[in-house]
Structure formats: C-alpha cells, structure tokens
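*Asks:* The following block contains the structure, expressed as structure tokens.
Residue numbers (our numbering), protein chains in the order written: chain E, 833 to 1084; chain W, 1488 to 1793.
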C-alpha cells in the first residue's frame, strides 16, 4: 500500500504535466458537454418526455472519458515511462509489478472521477441536467462504471504489452479510441448510420457501455434488453484478463 | 560469516546464445567490486540478474542468505545504464518518491548540498545535463540504506570531471557498503576498486584483489611493436626476458616482459636494437592483463622467430 500511494502521487503529478492528456481527460469532455448541451441539451429525448438531451450527454461523456483514459492514457503513459527507462528503474524499487500498474490505473481513475465531477457540475448548473436514478440503480451504475473502466484499462494495458515502440503505441491507441468514438454514437448518432454499420459497431465495447449507462442514468433500464451488453462487457473483461495474464509487460 | 551475496553456477542464455556461463562468487565485505569486460561480455545481464530484473536459466543467487528474496529491493539498490528519471518530474519529486517508498525522514536540501547538487532541487530532470542526471541518480540510490549497491556503468559516456566526481562518491560510500560496479574503462575504474572480476564471453576469467589480478601474470611491462618489426627485435627482447609473451592484434605485437627489479626502463631502450619500432612502452595494467587473458597469445618460441 505504501508503494501504491507513493507511485499514485508520482503518476498524478506526471499526468497533470502532460498537456495532451489534460486536454483529452478534462478539457474535451467539458467542450463536448458545452457543445452538445447547447445544441440539443434542452430538448426532450422523446415527445412528452421529461428527460432532456443533456441527460444522455452525461453518461456518453463518462464512457468517452473512461475509453480515453484506458485506450490512450494508459498505453501511451506506459510506453513513455518505458522509453525513459523509468519503468526499468521502478522494477528495482520496492514495488510489485501489480502494485505499480494498480497505482497507474488508480491515477487515471482518479482524474476521470475529477473530470466527471467537473462536466457533471456544468451539466447540472448550466444545462438543467437531472438526476433520475433511484438508489439501487445508482449503485448498479457505479458498479457498471467500474466494469467499463476495467474493460478499457485492461485493453490499454494489452496494447502496452504488445507494442514496444512509443510511436506505434501512440498510433494504435489513437486509432482504437477514435474508431470507438465514431462508432459509438458519441460523435455521430447511431440512428443516422446505415443499418449494417449499426450492427457492426456492436463488435466494439463503447456502444455497449453507452447503452447501459444511458439507460441506468435516466432510470429506464430493462435488464432483459441490456443482458447482451452486460455479457459483452463481462466477457471482454475475462478475455483481456486471460490475454494479459500469460504475458508480463517488459520494462525494456 | 555468511556471504551477503552469493552466486552459484549462474547461467543465462538469450535464444541459443549463452551470455552467462557458470558464474559463481561470494561477497561479504564492504568495498568496491569491479565487474569489467568489453561490451557484450555479459556484465549487464549479470548485474540485472542479481537485482531480479532478469530471470536466470540455471543456478542460484542468494542475497542475505536467501534466494527469491521478497525484500530484495529493500536490500539491494540498482543504478541502470540509462538515467531512468521521469522527464517531467523535478529532483525534489524524485527524492520524495524514494522517501515515500522507504519511509525516510531526510532534509532534502542539506542532503543534496552534501553532494553539491542543491541548486537542482526544483529543476525538472529533463533540463539536467547527462552528468548531472547520473549524479542525481546516484544520490537517489544512496538515500535508502541499501546494504548492496549495483551500479551498471555509472560513469560511462561522461566527461572526465563527472567521471571523477562519480567515482569519488562511490568510493566514499564503499566503506560501509558492498558496491558492485561495471565499467569498460578498466584502468580508471580499477583505481577506485578493491576487488576485480574480469569477464569475457559470459565467464569470469579472473578475479581477486587488484594486486592479485595484476600479479597473476608474471610480467611487469608491455611493449607495443609494429608487427613487421617484431622479428628483428625478438633477439634483443629475449635478452631482457627470455620468456617474454606476445600477443598479435591489428598489426601490432604486444610484448609482455618481466623487467628485473635491478633493471630500469633505460635498460630496455639500450637493449632494443631499433627503439623506433616501439610504439608504446608502459608498466603492465589491468587492460593488458585483460587482453592477455582473453586475446590470442603465443609464448615466444625463439626458433620460430629466427
């Protein structure tokens, strides 16, 4: 625990000094909140519904943020720490392999949480977002967020394990993230896509995550409809855990 | 007394190439232990194996009497060849990490001042010169009270002044600690060391105190002679030392001779028929010993040269 705390402090300081990471993790979610909030934030999602567009922006942004932290933040940070030889040095200090990566994940989770508070506050204060969830759904929402976080973080770690070159890591991470953003409904509404593409995007985890979180957030979840999405996320978590288990990240 | 560090028949291969072959030694006294040899001889693999960065294929490494030590990184500190500092952290923050990990109470500034590095306290490490980064790394390594320090080429690639500062710092701390140092500038490194391991192709070819290593070859001086002139000088060389040893490399013949105590250097110049053919003449040093032990050498055969 001592080591996790020590590395959490180090990674947090390092993260806040990376302008690109701050842009993607803090600034961009705020921009998305403002853009979408101003465009359709005050329109009901259906005729007669009290749920507004902004109420869907909040869960969308949470998924966007977690995907960004996991698919871009984690692999790019690991790749940079490795290229600076710091990863090798860390493995000669009294910290376990798991301990270091846990602290790195904790750092990104913490910044994601802070970012959610920020754009969440903007959504509530400036765009009249409402909190629809009951107690049970709030707890399930938080647990689902952790599952989504785990999925994206372990996928990012998988990228870091398999690609050593920082430049390639950067390209692969960015492509993975953008592919998910453009096929998840965050950037382009899914309804406006051709039918075959709407089915194709189900291969990627972001659209499943958004569907679940949106339904939970507006307190309209039907678990028989979302069973497939949950199954997808659980299977993805298991698959990536299995894939990274047999291969340790090399420090050089 | 139980050895603090003990290696037993350590072996390691990369693919099919063996990089460590049957390495064994025990160390329990404080001092500087030099692990020397050319690039690719297995120094770094050996040191990284000792600190658990690499898995060995065979053999055992004991630290403080135990192998697979769960607290290894509390006992053994490691300085890697690169710097390993995070570019966007300050020296202060790098120090704080060590203090947090080892639960240390240290006054950062006075500690840095004792190494004349206090002016860099708030500097981001990416703004430091190569030599200063190495010194900072060394200072960070001395913060916890490690019993063993393993330094992989701590002064490699640095200017003379930085090398000297780093070696003096290492020497100062070696009074209480076991410090393993690798270097390929053998003669300079040997000045600061108490004990030497010479490595070649993954094996330790010689080890002992500095005196033991220097005296293992019964020669005192080395002459470098143009290879094409060697035959003409062989007669006069045998008048100085009839059992002289030669080693041929890259157009130069290295002649190892034993100069009797009563004879001085002047005697050599007077005896050699053509002194202009001699490119260099010096008292035997560690690099000569290394060259002798690892290169191709031939015992001089008088008949062959006549």
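Think of the CB as a built atom: it goes at the ideal place given N, C-alpha and C, for glycine as much as any other residue. Being a predicted model, the structure only gives us computed values, none of them experimental.
Count the other CB atoms within 10 Å of the CB of residue 1730 of chain W; is the residue buried (16 or more) or exposed (fewer)?
*Replies:* Classification of residue 1730 of chain W: exposed, given that the 10 Å Cβ count is below 16.
*Asks:* Who does residue 1665 of chain W pair with in a DSSP beta bridge?
*Replies:* Answer by DSSP bridge pairing, in chain order: W/1518 and W/1635.
*Asks:* Using 8 Å as the threshold, is the stretch 857 to 874 of chain E in touch with the stretch 941 to 957 of chain E, meaning 3 or more CB pairs across them?
*Replies:* Segments in contact, yes.
*Asks:* Roughly how many angstroms separate the alpha carbons of residue 1654 of chain W and residue 1629 of chain W, rounded to a whole number?
*Replies:* Going from the Cα of residue 1654 of chain W to the Cα of residue 1629 of chain W covers about 14 Å.
*Asks:* Give me the residue from W/1539, W/1604, W/1621 and W/1548 with the minimum Cα distance to residue 929 of chain E.
*Replies:* Taking only the C-alpha atoms, the option nearest residue 929 of chain E is W/1539.
*Asks:* If you count every other CB in all the chains shown that lies within 10 Å of the CB of residue 1786 of chain W, and 16 or more means buried, which is it?
*Replies:* With a pLDDT of only 43 at residue 1786 of chain W, under the threshold of 50, the placement of this residue in the model should not be trusted; the figure read from the coordinates follows. Result: exposed.
*Asks:* Can you tell me the Cα-Cα spacing of residue 1659 of chain W and residue 1672 of chain W, whole angstroms?
*Replies:* Their Cα atoms are separated by approximately 20 Å.
*Asks:* Using beta-carbon positions only, say whether residue 1574 of chain W and residue 1689 of chain W come within less than 8 Å of one another.
*Replies:* Cβ distance not < 8 Å, so residue 1574 of chain W and residue 1689 of chain W don't count as in contact.
*Asks:* Exposed or buried, which one is residue 887 of chain E when buried takes at least 16 other CB atoms within 10 Å?
*Replies:* Residue 887 of chain E comes out buried.
*Asks:* Taking a contact to mean a Cβ-Cβ separation below 8 Å, would you say residue 1544 of chain W touches residue 1500 of chain W in this structure?
*Replies:* Against a cut-off of 8 Å, the Cβ pair of residue 1500 of chain W and residue 1544 of chain W comes out as a contact.
*Asks:* Could you tell me if residue 1537 of chain W is buried or exposed, where buried requires 16 or more neighbouring beta carbons within 10 angstroms of its beta carbon?
*Replies:* By the neighbour-count rule (16 or more Cβ atoms within 10 Å), residue 1537 of chain W is buried.
*Asks:* Report the rounded CA-to-CA distance for residue 1056 of chain E versus residue 840 of chain E, giving the unit in angstroms.
*Replies:* Near 39 Å, if we compare the C-alpha coordinates of residue 840 of chain E and residue 1056 of chain E.
*Asks:* Please list, in chain order, all residues of the same chain as residue 1662 of chain W whose beta carbon is under 8 Å from its beta carbon, the five residues on each side excluded.
*Replies:* Result list for residue 1662 of chain W: 1517, in chain order.
*Asks:* Is residue 1031 of chain E closer than 8 Å to residue 1061 of chain E when the C-beta atoms are compared?
*Replies:* Against a cut-off of 8 Å, the Cβ pair of residue 1031 of chain E and residue 1061 of chain E comes out as no contact.
*Asks:* With a threshold of 8 Å, are at least 3 pairs of Cβ atoms found where one atom belongs to the stretch 958 to 970 of chain E and the other to the stretch 1567 to 1581 of chain W?
*Replies:* Touching, no.
*Asks:* Quick one: does the C-beta of residue 1724 of chain W sit closer than 7 Å to a heavy atom of the ligand ATP?
*Replies:* This structure lacks the ligand ATP, and indeed carries no ligand of any kind.
*Asks:* Within 10 angstroms of the Cβ of residue 852 of chain E, are there 16 or more other Cβ atoms? Answer buried if so, exposed if not.
*Replies:* Under this definition residue 852 of chain E is an exposed residue.
*Asks:* Check each candidate in E/1013, E/1069 and E/1059 and name the one with the smallest Cα separation from residue 893 of chain E.
*Replies:* For the residues E/1013, E/1069 and E/1059, the minimum Cα distance to residue 893 of chain E belongs to E/1013.
*Asks:* Does any residue of chain E have a CB that is nearer than 8 Å to the CB of residue 1565 of chain W?
*Replies:* Judged by the 8 Å Cβ criterion, residue 1565 of chain W is in contact with chain E.
*Asks:* To the nearest angstrom, how far is the alpha carbon of residue 1756 of chain W from that of residue 1650 of chain W?
*Replies:* Their Cα atoms are separated by approximately 35 Å.
*Asks:* Please report whether the beta-carbon of residue 1783 of chain W lies at a distance below 8 Å from any beta-carbon of chain E.
*Replies:* With a pLDDT of only 46 at residue 1783 of chain W, under the threshold of 50, the placement of this residue in the model should not be trusted, and no figure is reported.
*Asks:* Return no unless some Cβ of chain W is closer than 8 Å to the Cβ of residue 854 of chain E.
*Replies:* For residue 854 of chain E, the answer is no, since every Cβ of chain W falls outside 8 Å of its Cβ.
*Asks:* Write down the C-beta distance between residue 877 of chain E and residue 869 of chain E rounded to the nearest angstrom, noting that I regard them as a contact closer than 8 Å.
*Replies:* The pair is not a contact, with the Cβ atoms about 14 Å apart (cut-off 8 Å).
*Asks:* Check for me: the beta strand (DSSP E) holding residue 1618 of chain W runs from which residue to which?
*Replies:* Premise fails: residue 1618 of chain W lies in the alpha helix (DSSP H), 1617 to 1629, not in any beta strand (DSSP E).
*Asks:* Measure the C-alpha to C-alpha separation of residue 1775 of chain W and residue 1701 of chain W and round it to an integer number of angstroms.
*Replies:* Roughly 9 Å separates the two Cα atoms.
*Asks:* Smallest Cα separation from residue 1636 of chain W: which of W/1645, W/1527 and W/1561?
*Replies:* Residue W/1561 is the option with its Cα nearest to residue 1636 of chain W.
*Asks:* Residue 1668 of chain W and residue 1519 of chain W - do their beta-carbons sit closer together than 8 Å?
*Replies:* Closer than 8 Å, so yes.
*Asks:* What residues from chain W crowd round residue 1077 of chain E, counting only those whose CB sits closer than 9 Å?
*Replies:* Chain W residues near residue 1077 of chain E: none, gap ~17 Å exceeds 9 Å.
*Asks:* Do you know how far the Cα of residue 1077 of chain E is from the Cα of residue 1507 of chain W?
*Replies:* Cα-Cα distance, rounded: 29 Å.
*Asks:* Does chain W have any CB closer than 8 Å to the CB of residue 1064 of chain E?
*Replies:* For residue 1064 of chain E, the answer is no, since every Cβ of chain W falls outside 8 Å of its Cβ.
*Asks:* Should residue 1533 of chain W and residue 926 of chain E be called a contact, given that it needs their Cβ atoms to be closer than 8 Å?
*Replies:* Taking 8 Å as the Cβ cut-off, residue 1533 of chain W and residue 926 of chain E do not qualify as a contacting pair.
*Asks:* Compare the Cα-Cα distances from residue 882 of chain E to each of E/908, E/995, E/990 and E/960 and report the closest residue.
*Replies:* Closest option to residue 882 of chain E, Cα to Cα, is E/960.
*Asks:* Could you tell me whether the stretch 1614 to 1625 of chain W touches the stretch 1063 to 1073 of chain E, where touching means 3 or more Cβ pairs closer than 8 Å?
*Replies:* They do not touch, by the three-pair rule.
*Asks:* Please confirm whether residue 1013 of chain E has its beta-carbon closer than 8 Å to some beta-carbon of chain W.
*Replies:* It does not: the Cβ of residue 1013 of chain E has no partner Cβ on chain W nearer than 8 Å.
*Asks:* Determine the DSSP secondary structure at residue 996 of chain E, reduced to helix, strand or coil.
*Replies:* Coil at residue 996 of chain E, not helix or strand.
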